[in-house]
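J.: If you scroll down you'll find the structure; I have some questions about it.
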Amino acid sequence: MSSAHESVQTFTPREFHRQAHDALGNPQIRANFRRAMDGLMAKRRDVFSDWDLETLRELGANIRLRALAKLPDLLERLEANCQANGIQVHWAENGDEACRIIRGICERHEAKAVIKGKSMVSEEMHLNAHLEEAGIEALESDLGEYLVQLNEQTPSHIIMPAIHLNTDEISKILHDRTGTERTRDVDIMTAAARAQLRERFMAADVGISGVNFAVAETGTLCLVENEGNGRMTTAVPPVHIAVTGIEKVVEQLRDVPPLYALLTRSATGQHVTTYFNMISSPRKSGEHDGPQEVHLVLVDSGRSNIYQDDELLDTLRCIRCGACMNHCPVYTRVGGHTYGTTYPGPIGSILMPHMMGLEETKDLPTASSLCGACGEVCPVKIPIPDLLVRLRRESVGEGRGNVPGAGVKRTKTEVAAWKGFQWLATHPAAWRSGMALAGKLQALMPSRLGPWTEYRTAPKPAKVSLHALVKRHQANKADENEETR
Numbered sequence: 080m081s082s083a084h085e086s087v088q089t090f091t092p093r094e095f096h097r098q099a100h101d102a103l104g105n106p107q108i109r110a111n112f113r114r115a116m117d118g119l120m121a122k123r124r125d126v127f128s129d130w131d132l133e134t135l136r137e138l139g140a141n142i143r144l145r146a147l148a149k150l151p152d153l154l155e156r157l158e159a160n161c162q163a164n165g166i167q168v169h170w171a172e173n174g175d176e177a178c179r180i181i182r183g184i185c186e187r188h189e190a191k192a193v194i195k196g197k198s199m200v201s202e203e204m205h206l207n208a209h210l211e212e213a214g215i216e217a218l219e220s221d222l223g224e225y226l227v228q229l230n231e232q233t234p235s236h237i238i239m240p241a242i243h244l245n246t247d248e249i250s251k252i253l254h255d256r257t258g259t260e261r262t263r264d265v266d267i268m269t270a271a272a273r274a275q276l277r278e279r280f281m282a283a284d285v286g287i288s289g290v291n292f293a294v295a296e297t298g299t300l301c302l303v304e305n306e307g308n309g310r311m312t313t314a315v316p317p318v319h320i321a322v323t324g325i326e327k328v329v330e331q332l333r334d335v336p337p338l339y340a341l342l343t344r345s346a347t348g349q350h351v352t353t354y355f356n357m358i359s360s361p362r363k364s365g366e367h368d369g370p371q372e373v374h375l376v377l378v379d380s381g382r383s384n385i386y387q388d389d390e391l392l393d394t395l396r397c398i399r400c401g402a403c404m405n406h407c408p409v410y411t412r413v414g415g416h417t418y419g420t421t422y423p424g425p426i427g428s429i430l431m432p433h434m435m436g437l438e439e440t441k442d443l444p445t446a447s448s449l450c451g452a453c454g455e456v457c458p459v460k461i462p463i464p465d466l467l468v469r470l471r472r473e474s475v476g477e478g479r480g481n482v483p484g485a486g487v488k489r490t491k492t493e494v495a496a497w498k499g500f501q502w503l504a505t506h507p508a509a510w511r512s513g514m515a516l517a518g519k520l521q522a523l524m525p526s527r528l529g530p531w532t533e534y535r536t537a538p539k540p541a542k543v544s545l546h547a548l549v550k551r552h553q554a555n556k557a558d559e560n561e562e563t564r
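Terminal number for the sequence shown in our numbering: 564, no gaps in between.
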């Protein structure tokens, strides 16, 4: 099964081209994503059929722009109202500091087991690994996150983490890691995972969740979900820690319904999700459930730098629906792991350079055909293609220099290649001749000029056990560390 190999494979944005090459040559990955993306695009189209979509998108964009215009004040109002409600607020400059804060809360409560709801911010912080280093078990409770955790992978989509896996692969993962009976019946597999997780909810010392919208007016944390794991995570353990990026703030409670309508329809083609949680305080006197403590961790991680740029600021409008990924001709063919970043696809290509620097992510802004589909479907009208072009300029030192690592120097070979491409693109006759020559060369050397043909002609890897792959990976890492010394 391909996922067993990927479970120990390290993906990095520096290797985007090689990883894309491999993904294009893997028919299973392409089939899985093609089937999933076609379904999501059709659902989104149908669910908006009776709506004035452009008016709703304009409303959503204005709500987010208004919130960003007032962001410093709204963050202070959010903190004041949360504290008045009994929620403890913590500020973290970066992911490492956020991890230390969360670890400190867990250690004060002598926590040994943490149950987590879906949170992309916790993924960008690598929170699970940090807690495990401290001897605290962190288990994902979202079904997709649970599956990729069992398979030692990272999410490949911000809404549907296990979208790269098909039914047979999921069945094998559950069987190999939990002893669940091999079956293709989705209901049986879901019931088995639910039974496994229910015990862990009851035994967890701390619950950790993300936040979809943080309402400054009321100090309310809104959580959108379909499976009930978010409600269990935030209500069953005695301590609840919510973690979110500073941009998730909205001004008023009335701002939430339009954004919620856009989020659910854009993400999964649903009118509403099964659960919409509004958390405003710890358990009060006389209440029978809920945590005794609620903490909110506000994470910056480069977001304040984005906020300083009047053009790149639009990046922070994002409500994490994933529609740009679902419609992107690049993402739908290579999948999320190819990007080697927490946030893949178009939104990742404009967000991750700020978090990791353009030295690490210089290929991501160019991982786009600039067809404009991402901008056309974005529910809050982020001009993603324009931002990709801006980051391309920044990567070669022709922008304002407001992005970490801006002005990355290219090698002489890269500069020559781009100049050659630029010349060809502006000379139609030469372009046609070049394409004809490339076609003849490809026919002569199919294994060298096309990842799809190379995949077909490459020898199949020998089958080895997952344990052996892990040991091999560890040995390679040890050799690398020895060479570094």
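Cβ coordinates follow ideal geometry from the N, Cα and C atoms, glycine included.
Going along the chain, which unbroken runs of the beta strand (DSSP E) with 3 or more residues stay wholly within the segment 286 to 312?
T.: The segment 286 to 312 contains these whole beta strand (DSSP E) runs: 292 to 294, 299 to 304.
J.: With distance defined between alpha-carbon atoms, name the residue in D334, S128, A272, Q387 nearest to E565.
T.: No statement about residue 565 is possible, as the shown extent of the chain runs from 80 to 564 and does not include it.
J.: With H, G and I counted as helix, E and B as strand and the rest as coil, what does DSSP make of W502?
T.: The sequence position of residue 502 within the sequence shown is 423, counting from 1. W502: helix per DSSP, three-state reduction.
J.: Touching or not, the segment 261 to 268 and the segment 287 to 305, by the rule of three or more beta carbon pairs under 8 Å?
T.: The answer is no - the segment 287 to 305 does not touch the segment 261 to 268, with fewer than three Cβ pairs under 8 Å.
J.: From V328 to E176, what distance separates their C-alpha atoms?
T.: Position 249 of the sequence shown, counting from 1, holds the residue named residue 328. Position 97 of the sequence shown, counting from 1, holds the residue named residue 176. If I take the Cα positions, the gap works out to 20 Å.
J.: Excluding the 5 residues preceding and the 5 following T343 in the sequence, name in chain order all residues of the same chain whose CB lies nearer than 8 Å to its CB.
T.: In the sequence shown, counting from the first residue as 1, residue 343 sits at position 264. Same-chain partners within the cutoff: V303, Q349, H350, V351, T352.
J.: According to DSSP, is Q387 helix, strand or coil?
T.: Start at 1 with the first residue of the sequence shown, and residue 387 comes out as number 308. Note: Q387 maps to coil in three-state DSSP.
J.: Given L218, which residues of its chain have a CB within under 6 Å of its CB, disregarding the five upstream and five downstream residues?
T.: Sequence index remark: in the sequence shown, residue 218 carries index 139 (1-based). Answer for L218: I194, R279, listed in chain order.
J.: With DSSP as the reference, label H406 as helix, strand or coil.
T.: As a position in the sequence shown, residue 406 is number 327, starting the count at 1. Helix.
J.: Tell me the residue span of the alpha helix (DSSP H) that contains V126.
T.: As a first step, residue 126 must be located in the sequence shown, where it is residue number 47. Element bounds for V126: 106 to 126.
J.: In whole angstroms, what separates the C-alpha of D125 from that of A496?
T.: Residue numbering aside, residue 125 sits at position 46 when the sequence shown is read from its first letter. Residue numbering aside, residue 496 sits at position 417 when the sequence shown is read from its first letter. Distance between the alpha carbons of D125 and A496 is about 44 Å.
J.: Apart from the five residues on each side of it in sequence, which residues of its chain come closer than 8 Å, Cβ to Cβ, to S235?
T.: Walking along the sequence shown from the start, residue 235 turns up at place 156. Result list for S235: V227, A241, I242, H243, G414, G415, H416, P423, in chain order.
J.: Measuring straight from C-alpha to C-alpha, what distance separates I275 and S250?
T.: One-based indexing of the sequence shown puts residue 275 at position 196. One-based indexing of the sequence shown puts residue 250 at position 171. Per the sequence shown, residue 275 should be read as Gln rather than Ile. Q275 and S250: Cα-Cα distance of roughly 15 Å.
J.: So, with DSSP's three-state summary, where would you put T343?
T.: Here residue 343 corresponds to residue number 264 of the sequence shown, with the count starting at 1. Of the three classes helix, strand and coil, the one that applies to T343 here is helix, per DSSP.
J.: Between the alpha carbons of Y534 and T233, how many angstroms are there, rounded?
T.: Looking up residue 534 in the sequence shown gives position 455. Looking up residue 233 in the sequence shown gives position 154. The predicted position of Y534 is uncertain, since its pLDDT is 34 and thus under 50; a value taken from the coordinates is nonetheless stated next. Their backbone Cα atoms lie some 24 Å apart in a straight line.
J.: Below 8 Å, how does it come out for the segment 445 to 457 and the segment 475 to 487: are there three or more Cβ pairs, yes or no?
T.: Touching, no.
J.: Rounded to the nearest angstrom, what separates T91 and L430 at their Cα positions?
T.: Along the sequence shown, one-based indexing puts residue 91 at 12. Along the sequence shown, one-based indexing puts residue 430 at 351. Their backbone Cα atoms lie some 15 Å apart in a straight line.
J.: Could you check whether A314 and L375 sit closer than 8 Å to each other, using their CB atoms as the reference points?
T.: As a position in the sequence shown, residue 375 is number 296, starting the count at 1. As a position in the sequence shown, residue 314 is number 235, starting the count at 1. Cβ atoms of L375 and A314: not closer than 8 Å.
J.: Quick one, are the C-beta atoms of L391 and R273 less than 8 Å apart?
T.: Within the sequence shown, residue 391 is the residue found at index 312, counting from 1. Within the sequence shown, residue 273 is the residue found at index 194, counting from 1. Against a cut-off of 8 Å, the Cβ pair of R273 and L391 comes out as no contact.
J.: Can you give the beta carbon distance from K191 to D284, rounded, assuming they're within the 8 Å contact cut?
T.: Indexing the sequence shown from 1 puts residue 191 at position 112. Indexing the sequence shown from 1 puts residue 284 at position 205. About 6 Å separates the two Cβ atoms, so the contact holds.
J.: Which same chain residues, not among the five before or five after L377, have their C-beta less than 6 Å away from its C-beta?
T.: Along the sequence shown, one-based indexing puts residue 377 at 298. The answer, listed in chain order, is W170, I325.
J.: Whose C-alpha, out of N105, E94, F112, is nearest the C-alpha of Y410?
T.: Taking the first residue of the sequence shown as 1, we reach residue 410 at position 331. It is F112.
J.: Using a 10 Å radius around the Cβ and a threshold of 16 neighbouring Cβ atoms, would you call H96 buried or exposed?
T.: For the purposes of this step, residue 96 is identified with residue 17 of the sequence shown, where counting begins at 1. Exposed is the call here.
J.: Tell me the DSSP secondary structure of Q162 in three-state form.
T.: As a working note, residue 162 is residue 83 in the sequence shown. If DSSP states are grouped into helix, strand and coil, Q162 belongs with the helices.
J.: Rounded to whole angstroms, what's the CA-CA distance from H188 to R182? Just pull it up for me.
T.: For this step, residue 188 is matched to residue 109 along the sequence shown. For this step, residue 182 is matched to residue 103 along the sequence shown. Looking at the two C-alpha atoms, the distance is approximately 10 Å.
J.: Check whether the segment 383 to 400 touches the segment 203 to 218, taking contact to mean three or more Cβ pairs, one atom from each stretch, closer than 8 Å.
T.: No contact exists between the segment 383 to 400 and the segment 203 to 218.
J.: For a test of the three-state rule: what should DSSP assign to G427, helix, strand or coil?
T.: Along the sequence shown, read from residue 1 onward, the residue named residue 427 stands at position 348. The answer is helix: DSSP assigns G427 an H, G or I state.
J.: Using 10 angstroms around the beta-carbon of K441, count the other beta-carbons present and answer buried if the total reaches 16, otherwise exposed.
T.: The residue you call residue 441 lines up with position 362 of the sequence shown. That one is buried.
J.: Which residues does DSSP list as the beta-bridge partners of M357?
T.: Taking the first residue of the sequence shown as 1, we reach residue 357 at position 278. The partner list for M357 (beta bridge, DSSP) reads C301.
J.: Taking the beta strand (DSSP E) that A321 belongs to, which residues open and close that run?
T.: Looking up residue 321 in the sequence shown gives position 242. That run of the beta strand (DSSP E) goes 318 to 324.
J.: Does DSSP classify E219 as helix, strand or coil?
T.: Position 140 of the sequence shown, counting from 1, holds the residue named residue 219. Here E219 sits in strand by DSSP.
J.: Can you tell me where the alpha helix (DSSP H) holding E133 begins and where it ends?
T.: Within the sequence shown, residue 133 is the residue found at index 54, counting from 1. Run containing E133: 132 to 148, per the alpha helix (DSSP H) assignment.
J.: Does DSSP put H374 in a helix, in a strand, or in coil?
T.: Translated into positions along the sequence shown, residue 374 becomes position 295. Reduced to three states, the DSSP call for H374 is strand.
J.: Measure the C-alpha to C-alpha separation of N160 and D247 and round it to an integer number of angstroms.
T.: On the sequence shown, position 81 is the one that residue 160 refers to. On the sequence shown, position 168 is the one that residue 247 refers to. Looking at the two C-alpha atoms, the distance is approximately 48 Å.
J.: Per DSSP, K195 is paired with what?
T.: Against the sequence shown, residue 195 aligns to sequence position 116. Partner(s): E219, I287.
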